[in-house]
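Report on one structure; see the data block that follows.
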Amino acid sequence: MNTSTIDPQEARALHVRVTDDDLAVDLLDGRTVVVPLAWYPRLLHGTRQERNRWRLIGRGVGIHWPDLDEDLSVEGLLAGRPSGESQRSLKRWLEARESARPKRIQPAREKRRPQTGRRAARGCFATRYTAGSVKRDVGYFMYFLSKLGKSERTRFTLILLVAALGAQAPAAAGVADPVVVRGPQRLLVVAVRFPGTDPSLALPRIAEKVGKVGEYIRTVSYGKAWLEAKVTGWYGMPGPLSEYRVSPLNYKVDKGRVRRLVADALAASRRDADLGTYRVIWIVVGAFTRPGEGYGMIAYCANPGMLSGVLGAKPRLEAVDLPGGGSFSGPVIVSAENAHVGHAAHDLLHALGGVQDGKRVVPDLYDFDRQSNPPEGRLSPELFAIHAGPWDIMSQHFIVVTKPPPPPSSFTRLQLGWIEPAQVVTVRPGETREVRLQPLALGRGLLAVRVPIDAHRSLLIENRQPVGDDAVLPAAGVLVLEVDTAREEGAGIVRAADANPGVPRLQAAPFVPAAGQVRYYRNADVGVAVAPLAVEPDRTLRLVVTTPKRITDFVPDDRR
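For the sequence shown, the numbering used here assigns the number 1037 to the initial residue and increments by one for each residue that follows.
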């Protein structure tokens, strides 16, 4: 396919690959949508009834294009409610597409009665589409784009991407689509106490911790999101602590006790606050807690999370009936009064991300089996952070208890919309490209390389340097993350490649120029190799993404 007439940024957004079975569209934000070939007629020719079957697909997802004077939502376009200009643009393109078709490949029905406009958008289900005809249609589309001005090209590109989103393959097993979390996030903190158990911290100390969590959110979001918190309490619970205590092990938590705590705490607090006006509720349990002592578990996300479970497409926002009437179904996190800032921030990211179609937007990256069957009987975060180590707070809540928690990786930041599409460059397997990555912690310039492998698997490459919030990390260099969103949550959705496997717990995972037990990343199965080339004085890191055969041209070393 010739894309030479398309601007480079647009070409990244509309990179289409066709096989005998499907059509894949690489989106601007780095995701790949795979459209089964059998669905292709419906992308452009679906009846109103067919299109309406997909009107909820893409719910809440929006695409903003710099040349458009409006933000167009995927939901609106799929529901048949696009703006007037988008409707006219789609109609004109369909008319041009039909008139541009050579007669010899028109379906028989079209030969008898040429169709244009709305009729063309609804008919032709008898057409048999093959990989060849799809390639021709995509070619006509690209040719038509080349004849238009830049503003019109972006409109048509957007329409095709939206159509592809409407017919995407089944969603991933463990991860929902990214969202955008921006601006003020209203947080209600509800501190509760129990008969016979006195809190060990005064309410101002709780407020101080809330402030630190707020600073963390503002920093890791690059200033794009922040908390507006109200701290209330202490509210007395009707029963003793023993009636609410839960297991410190994920698999053994009593959901009934979680529900009772949430119900009683929110019922007590609603005399001082309108619960429905808050983005997230944070319940602070007034009991000094260690694993199995005090409240039992130091922190967790109740909704979406413990109330519904998180495996097997169970995650959802549960409605909790409150004593005295009414219910609440918004996000809720729970922590003991002495929880680390990292515990609360970890669960707050779950809550801010939310849930879609039985999957959380921000999944746990630590190992669920290890957490519920801890080695050596110790519940220490680093012991079950076996997949991504300390390189994402969703993997390891803290590194040193006296220091701030680790920041999120590019994966989690992308899920929350904190890295812009223009800050990610896509390099496909088989290509060779040198890239200059800025430190992930600073949030400026190019922050990540994405290597798409298939509909669920990809590599994310980032530059971790001892600056900003990354200063708490144990090492620096190029971090390569192997992402597989088809895995269940808690089973290694994100795995960090390890440059120094002799160093335990992924503490020295990044690749460093001319150093390390493993000199460069090499994955022969997917045909990708990555090597750091140099770190510049401003901590910018030059690296190359290439093939396993060519990597030694850049790093002449017989080690991997």
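Ideal placement from N, C-alpha and C gives every residue a C-beta, glycine not left out.
| field | Beta-carbon proximity of Gly1528 to Asp1403, cut-off 8 Å | value | yes
| What do you reckon, are the CB atoms on Val1377 and Leu1452 nearer than 8 Å? | Cβ atoms of Val1377 and Leu1452: not closer than 8 Å.
| Around the C-beta of Ser1371, are 16 or more other C-beta atoms found within 10 angstroms, so that it is buried, or is it exposed? | Counting of Cβ neighbours within 10 angstroms places Ser1371 among the buried residues, the total reaching 16 or more.
| If you draw a straight line from the C-alpha of Pro1488 to the C-alpha of Ala1533, how long is it? | 16 Å
| From which residue to which residue does the beta strand (DSSP E) around Glu1518 run? | 1513–1520
| The alpha helix (DSSP H) enclosing Pro1240, as first and last residue numbers | Per DSSP, Pro1240 belongs to the alpha helix (DSSP H) from 1239–1256.
| query | Buried or exposed: Ser1257, going by 16 or more other Cβ atoms within 10 Å of its Cβ? | reply | buried
| With 16 other CB atoms within 10 Å as the buried threshold, where does Thr1003 fall? | Nothing in the structure corresponds to residue 1003, since the chain is present only between 1037 and 1596.
| task | May I ask you to report which of helix, strand or coil DSSP gives Leu1302? | result | helix
| Which of helix, strand or coil does DSSP assign to Gln1459? | helix
| said: Closest to Ala1507 by C-alpha separation, out of Phe1434, Arg1486, Val1485, would be which residue? | reply: Phe1434
| Alpha-carbon spacing of Arg980 relative to Pro1220, whole angstroms | Outside the shown range of the chain (1037 to 1596) lies residue 980, about which nothing can therefore be said.
| Got a sec, what are the start and stop residues for the alpha helix (DSSP H) Pro1417 sits in? | Start and end: 1417–1420.
| said: If I measure Cβ to Cβ from Ala1212 and keep anything under 7 Å in the same chain, skipping five residues before and after, which residues do I get? | reply: Val1391, Gln1392, Asp1393, Lys1395, Arg1396, Val1397
| said: Nearest by alpha-carbon distance to Val1368: which of Leu1277, Leu1384, Gly1360 is it? | reply: Leu1384
| query | From Tyr1314, Pro1444, Val1217, Pro1411, pick the residue whose C-alpha is nearest to that of Val1530; which is it? | reply | Pro1444
| Relative to the C-alpha of Arg1295, which residue among Leu1579, Glu1572, Glu1467, Met1342 is closest? | Met1342
| request: Identify which residue in Glu1524, Gly1328, Ala1303, Ala1323 has its Cα closest to the Cα of Ile1317. | output: Ala1303
| Going by Cα to Cα distance, which pick from Pro1426, Leu1517, Glu1264 is closest to Lys1248? | Glu1264
| message | By the DSSP assignment, the beta strand (DSSP E) with Arg1326 in it spans what residues? | response | Note, Arg1326: premise wrong, no beta strand (DSSP E); not H, not E.
| In chain order, what residues of the same chain lie with their CB nearer than 7 Å to the CB of Leu1401, ignoring the 5 residues before and after it? | So the list reads His1423, Ala1424, Asp1428, Met1430, Ser1431, Ile1529, Val1530, once near-sequence residues are dropped.
| request: At 3 residues or longer, and completely inside the stretch 1519–1591: list those beta strand (DSSP E) runs for me, N to C. | output: 1530–1532, 1557–1559, 1564–1571, 1577–1582
| query | DSSP puts Ile1317 in a beta bridge; with which residues? | reply | Leu1224, Val1368
| field | Val1503 vs Ala1477 beta-carbon contact at 8 Å | value | Yes, they are a contact pair.
| Can you pull the DSSP bridge partners for Asp1357? | Ser1363
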